[in-house]
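Peer 1: Order-wise, the sequence lines are chains A and B.
Each residue of the first sequence is one higher than the last, beginning at 0 in numbering that gives the first Met the number 0.
Each residue of the second sequence is one higher than the last, beginning at 0 in numbering that gives the first Met the number 0.
Think of the CB as a built atom: it goes at the ideal place given N, C-alpha and C, for glycine as much as any other residue.
This structure is in structure tokens; I'll ask about it shortly.
There are 2 protein chains.
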Amino acid sequence: MKQAAKVMTLADIARMAGVSESTASRALRDNPVINAQTRQKVQQIAADHQFKVNATARSLRTQKSHTIAVIILFDAKTQQAISDPFLLDILGVIADELTAKGYDMLLSTSKTTDKDWRSYYFDSKRADGLIVIGQGEHDARVDQLAAAGVPFVVWGAATGTEQFPVIGSDNRQGAQLAVTHLIKQGCKRVAFLGDIRHTEIEMRYLGYQDALQAAGLQPEPALQLNTDFTAQAGYLQTQQALFSQLSSLDGIFAASDAIAMGAMKALLEQGIKVPQQVAIVGFDDIAMSAYCTPSLTTVKQDTHAGGQLLVAQLLNRINGGKAASQLLPVKLVDRQSSLRINN
Amino acid sequence: MKQAAKVMTLADIARMAGVSESTASRALRDNPVINAQTRQKVQQIAADHQFKVNATARSLRTQKSHTIAVIILFDAKTQQAISDPFLLDILGVIADELTAKGYDMLLSTSKTTDKDWRSYYFDSKRADGLIVIGQGEHDARVDQLAAAGVPFVVWGAATGTEQFPVIGSDNRQGAQLAVTHLIKQGCKRVAFLGDIRHTEIEMRYLGYQDALQAAGLQPEPALQLNTDFTAQAGYLQTQQALFSQLSSLDGIFAASDAIAMGAMKALLEQGIKVPQQVAIVGFDDIAMSAYCTPSLTTVKQDTHAGGQLLVAQLLNRINGGKAASQLLPVKLVDRQSSLRINN
DNA sequence: GGATATATTGCAATCGATTGCAAAAGGTCT
DNA sequence: AGACCTTTTGCAATCGATTGCAATATATCC
Numbered sequence: 000m001k002q003a004a005k006v007m008t009l010a011d012i013a014r015m016a017g018v019s020e021s022t023a024s025r026a027l028r029d030n031p032v033i034n035a036q037t038r039q040k041v042q043q044i045a046a047d048h049q050f051k052v053n054a055t056a057r058s059l060r061t062q063k064s065h066t067i068a069v070i071i072l073f074d075a076k077t078q079q080a081i082s083d084p085f086l087l088d089i090l091g092v093i094a095d096e097l098t099a100k101g102y103d104m105l106l107s108t109s110k111t112t113d114k115d116w117r118s119y120y121f122d123s124k125r126a127d128g129l130i131v132i133g134q135g136e137h138d139a140r141v142d143q144l145a146a147a148g149v150p151f152v153v154w155g156a157a158t159g160t161e162q163f164p165v166i167g168s169d170n171r172q173g174a175q176l177a178v179t180h181l182i183k184q185g186c187k188r189v190a191f192l193g194d195i196r197h198t199e200i201e202m203r204y205l206g207y208q209d210a211l212q213a214a215g216l217q218p219e220p221a222l223q224l225n226t227d228f229t230a231q232a233g234y235l236q237t238q239q240a241l242f243s244q245l246s247s248l249d250g251i252f253a254a255s256d257a258i259a260m261g262a263m264k265a266l267l268e269q270g271i272k273v274p275q276q277v278a279i280v281g282f283d284d285i286a287m288s289a290y291c292t293p294s295l296t297t298v299k300q301d302t303h304a305g306g307q308l309l310v311a312q313l314l315n316r317i318n319g320g321k322a323a324s325q326l327l328p329v330k331l332v333d334r335q336s337s338l339r340i341n342n
Numbered sequence: 000m001k002q003a004a005k006v007m008t009l010a011d012i013a014r015m016a017g018v019s020e021s022t023a024s025r026a027l028r029d030n031p032v033i034n035a036q037t038r039q040k041v042q043q044i045a046a047d048h049q050f051k052v053n054a055t056a057r058s059l060r061t062q063k064s065h066t067i068a069v070i071i072l073f074d075a076k077t078q079q080a081i082s083d084p085f086l087l088d089i090l091g092v093i094a095d096e097l098t099a100k101g102y103d104m105l106l107s108t109s110k111t112t113d114k115d116w117r118s119y120y121f122d123s124k125r126a127d128g129l130i131v132i133g134q135g136e137h138d139a140r141v142d143q144l145a146a147a148g149v150p151f152v153v154w155g156a157a158t159g160t161e162q163f164p165v166i167g168s169d170n171r172q173g174a175q176l177a178v179t180h181l182i183k184q185g186c187k188r189v190a191f192l193g194d195i196r197h198t199e200i201e202m203r204y205l206g207y208q209d210a211l212q213a214a215g216l217q218p219e220p221a222l223q224l225n226t227d228f229t230a231q232a233g234y235l236q237t238q239q240a241l242f243s244q245l246s247s248l249d250g251i252f253a254a255s256d257a258i259a260m261g262a263m264k265a266l267l268e269q270g271i272k273v274p275q276q277v278a279i280v281g282f283d284d285i286a287m288s289a290y291c292t293p294s295l296t297t298v299k300q301d302t303h304a305g306g307q308l309l310v311a312q313l314l315n316r317i318n319g320g321k322a323a324s325q326l327l328p329v330k331l332v333d334r335q336s337s338l339r340i341n342n
């Protein structure tokens, strides 16, 4: 009973339908050149026997895998990807979009993947194109892909100088919104928590500076505190900042919600009131942000649009078009961690 | 410059090396039957030209895809998978393990996948086996897989009656640890927040009952509050409970950390002190749990061991062995949300 | 009726690598 | 020199589906 029957092949279906393999093949793909009745009959037989075309054979013949490789770049040091929960969000959207378009998704985390992506995924015909998530500290492998003419798109920070399509949030504007908001709440000395070697974070830092300057405040380099993408890093970095001469800061803009929560923890532990003494804004709007205490003001990225665009642009490129970079608008979600005025 | 050169095939390499395709193929796979020097030479040429075997052709010929499909079951209602952040953890481990073993990972979220998994992934030869994450409300598709003899393993709750291998945490024991801990902290009326139609959660509920009974407390059915896997659900459910006759509860055991955080938020908003008035314990130990305020006591699952086991058992099965179910030990991580005694 | 157009179907090559089996080359022993 | 191994290599079939082109059958028109 276990192995009901050996998996069928097209030849089996053809034989059962009394037609040639070519006719069967065409019938299954609903090729109108085949008589409607024949088509119907073949399809019926295939359905009855739960026949599925062998994807491997089809790929070999058509030279298309109908598969997209999604590569998640992890930070070499922390083994963390750009803010975890955010990642799963966008991954989910990408998966759905690909499925809807009839593509499979090959997932790879770059922790172990030291592979040469082009040869491994593309030359080997495992995938028709790639989506790279998280440019991180500028990765030479991405440039190689571009040089080799592999169809791919990147989620990250569009700086305007890349030779490849990048879809990403308008990090600079998001940061500017966040910091302007903090200043409006009365903050004078706002710390920036994030690792600016990450291109996306660098953009956020620029937005941070924009906001300060627009308000006539002088950005202090000492307030930029390199912080990895974890709550722990945010916690430790803030703790350290409090013990140092930076104790007079009254606002924190964190490059991710996780960092922000770590920072908040450190402050609360020292009896520092949030937002009264120090106001905090994060980035991402992960699910937990609305449910911590105080709830976290943050910059929301449009993951849905992001995922859709990534897929749309990549498929467009694969089908002979050109993939364009795009900057997605973000918006500020204000919650308790920064609201002094109405609180 | 763009398309440096058409992707090479084995035939090209063979020609360049002055040997036949068969020899080239064997040389590349380091078949000792081929002269060492020839092997060396062919390999060198292949490396020089960045040649990669066409995975599709190889799969077709060898009848092995060297790919595992990982299917994430989402709850039909909430579109949420078993506690998100936890999911990404285990997914990462699985990805690494598979990579280490030379397998690729095809990821599918079941939101859109209404496909018949067997025929789509297995019969079509897209994958050599499947890993299903999150049994959820018992899914008939899983039973079908088992009946069809497809190699697969499930992450979820082993109840002992399944006809297929299940790897998962000892949910019952974890819950028992958690609730016993709450009782030790003086709780008399502990609510259970979680959807017991989920097998894993059902097990946690059983553990919850075990603990109460062991302490001579009578489980009150009214304290079992069906709650989806989100912070929001935890928040709303708790709010509602507070407004109802359940206001006298002094402890909460939540089926996930996200739920716990939502619950905590609702309590704090009402000015109820955690842990003094109500103590809380969650499940999962997601990264954020240590950094909320108060930090969350929770039950930690061993995702690393879990991911490794899933992969190991599945590959074992694929290679002709048998995959065994396994229950992983969990441990209580106590933090502030439940500690009354030393606080 | 014959010529030409149209609708259907099948033959056979093809995608790129793998592998059973046979052949060739070189060596050893009597 | 011939029989017999051993080592190394290549021929050709094979995996399962797709598709250009030719073949057949049917319809249409003058």
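Give, in chain order, every residue of the stretch 31-52 of chain A whose Cβ lies closer than 9 Å to some Cβ of chain B.
Peer 2: Q49, F50, K51, V52
Peer 1: Tell whether a beta-carbon distance below 8 Å holds between I258 of chain B and S336 of chain B.
Peer 2: no
Peer 1: Report the residues of the stretch 83-97 of chain A with a CB closer than 7 Å to any CB of chain B, ordered along the chain.
Peer 2: Taking a C-beta cut-off of 7 Å against chain B, the contacting residues of the stretch 83-97 of chain A are D83, P84, L86, L87, G91, A94, D95, listed in chain order.
Peer 1: Can you give the Cα-Cα distance for G148 of chain B and L129 of chain B, rounded to whole angstroms?
Peer 2: 12 Å
Peer 1: Using the rule of at least 16 other Cβ atoms within 10 Å of the residue's Cβ for burial, across every protein chain shown, is F50 of chain A buried or exposed?
Peer 2: With 16 or more other Cβ atoms inside 10 Å of its own Cβ, F50 of chain A counts as buried.
Peer 1: Name the residue from A:Q62, A:T55, A:K63 whose alpha carbon lies nearest to the alpha carbon of R60 of chain B.
Peer 2: A:T55
Peer 1: Quick check: is the beta carbon of T292 of chain A nearer than 8 Å to any beta carbon in chain B?
Peer 2: yes
Peer 1: In terms of residues, what are the limits of the beta strand (DSSP E) holding G128 of chain A?
Peer 2: 128-132
Peer 1: Could you tell me the distance, in whole angstroms, from the CA atom of M0 of chain A to the CA atom of V6 of chain A?
Peer 2: Residue confidence is low: M0 of chain A scores 34 on pLDDT, short of 50, so the model does not pin down where it sits. Its coordinate-derived value is still stated next. Straight through space, the alpha carbons of V6 of chain A and M0 of chain A are spaced by roughly 14 Å.
Peer 1: Counting only C-beta atoms, is G261 of chain B closer than 8 Å to chain A at any point?
Peer 2: yes
Peer 1: Just to confirm, are A240 of chain A and A190 of chain A a CB contact at a threshold of 8 Å?
Peer 2: yes
Peer 1: Would you check if the stretch 277-292 of chain B and the stretch 214-225 of chain B touch, i.e. whether three or more CB-CB distances between them fall below 8 Å?
Peer 2: no
Peer 1: Around the C-beta of Q2 of chain A, are 16 or more other C-beta atoms found within 10 angstroms, so that it is buried, or is it exposed?
Peer 2: For Q2 of chain A, the predicted structure reports a pLDDT of 40, less than 50, and the residue's modelled location is therefore unreliable. The matter cannot be settled from this model.
Peer 1: In terms of residue numbering, what span does the beta strand (DSSP E) encompassing G167 of chain B cover?
Peer 2: Per DSSP, G167 of chain B is one residue of the beta strand (DSSP E) stretching across 165-168.
Peer 1: Which residues, in order along the stretch 120-144 of chain B, keep a beta-carbon less than 7 Å from a beta-carbon of chain A?
Peer 2: Look at the stretch 120-144 of chain B: the residues with a C-beta under 7 Å from a C-beta of chain A are D122, S123, K124, R125.
Peer 1: Can you give me the C-alpha to C-alpha distance between D333 of chain B and D256 of chain A, rounded to a whole angstrom?
Peer 2: Straight-line Cα distance between these residues: approximately 24 Å.
Peer 1: What did DSSP end up calling Q325 of chain B once you bin it into helix, strand or coil?
Peer 2: Here Q325 of chain B carries a strand assignment [DSSP, helix/strand/coil].
Peer 1: Output the distance between the C-alpha atoms of D11 of chain A and M104 of chain B, rounded to the nearest integer angstrom.
Peer 2: Their Cα atoms are separated by approximately 30 Å.
Peer 1: Give the straight-line distance between the Cα atoms of S109 of chain B and D283 of chain A, rounded to the nearest whole angstrom.
Peer 2: Rounded to whole angstroms, S109 of chain B to D283 of chain A spans 25 Å at the Cα level.
Peer 1: Does Y234 of chain B come within less than 8 Å of chain A when only Cβ atoms are used?
Peer 2: yes
Peer 1: Just the Cα atoms here: how many angstroms apart are Y102 of chain B and H197 of chain A?
Peer 2: 30 Å
Peer 1: So T296 of chain A is in the beta strand (DSSP E); what residue range does that whole segment cover?
Peer 2: 296-299
Peer 1: State the CB to CB distance for the pair A230 of chain B and A286 of chain A, rounded to an integer number of angstroms; the pair is presumed to be in contact (CB under 8 Å).
Peer 2: 6 Å
Peer 1: Go to I421 of chain A, then tell me how far its beta strand (DSSP E) extends in each direction, as first and last residue.
Peer 2: Past the edges of chain A, shown from 0 to 342, lies residue 421 of chain A, and the structure says nothing about it.
Peer 1: For D249 of chain B, which residues in chain A fall below 8 Å Cβ to Cβ?
Peer 2: Those within 8 Å of D249 of chain B in chain A number zero; the least Cβ separation is about 19 Å.
Peer 1: Is there a Cβ of chain A sitting closer than 8 Å to that of V298 of chain B, yes or no?
Peer 2: no
Peer 1: Below 7 Å on C-beta distance, what does L59 of chain A contact in chain B?
Peer 2: T55, A56, L59
Peer 1: Could you name the residues of the same chain whose beta carbon sits closer than 7 Å to that of A126 of chain B, not counting the 5 residues immediately before and after it, in chain order?
Peer 2: S64, T66, I67, A68, L105, Y120
Peer 1: So for N34 of chain A, helix, strand or coil by DSSP?
Peer 2: coil
Peer 1: At a CB distance below 7 Å, what residues from the stretch 275-288 of chain A approach chain B? Give them in sequence order.
Peer 2: A286, M287
Peer 1: Going by CA-CA distance only, name the one from A:V298, A:I166, A:Q143 that's closest to L331 of chain A.
Peer 2: A:V298
Peer 1: Within 8 Å of any Cβ in chain B, is that where the Cβ of T104 of chain A sits?
Peer 2: Sequence inspection shows Met at residue 104 of chain A; the Thr mentioned does not correspond to that position. Chain B, which has a Cβ nearer than 8 Å to the Cβ of M104 of chain A, makes this yes.
Peer 1: With DSSP as the reference, label K1 of chain B as helix, strand or coil.
Peer 2: Here K1 of chain B scores only 37 on pLDDT, less than 50, and its place in the model should not be relied on; the value that follows carries that caveat. Coil.
Peer 1: S255 of chain B CB to nearest chain A CB: under 8 Å?
Peer 2: Taking Cβ atoms only, chain A never reaches closer than 8 Å to S255 of chain B, which makes this a no.
Peer 1: Starting from the Cα of W116 of chain B, find the closest Cα among B:D142, B:V92, B:T98, B:K100 and give me that residue.
Peer 2: For W116 of chain B, the closest alpha carbon among the candidates B:D142, B:V92, B:T98, B:K100 is that of B:D142.
Peer 1: Identify the contact partners of V6 of chain A in chain B, using a Cβ-Cβ distance below 7 Å as the criterion.
Peer 2: Within chain B, the residues near V6 of chain A are D122.
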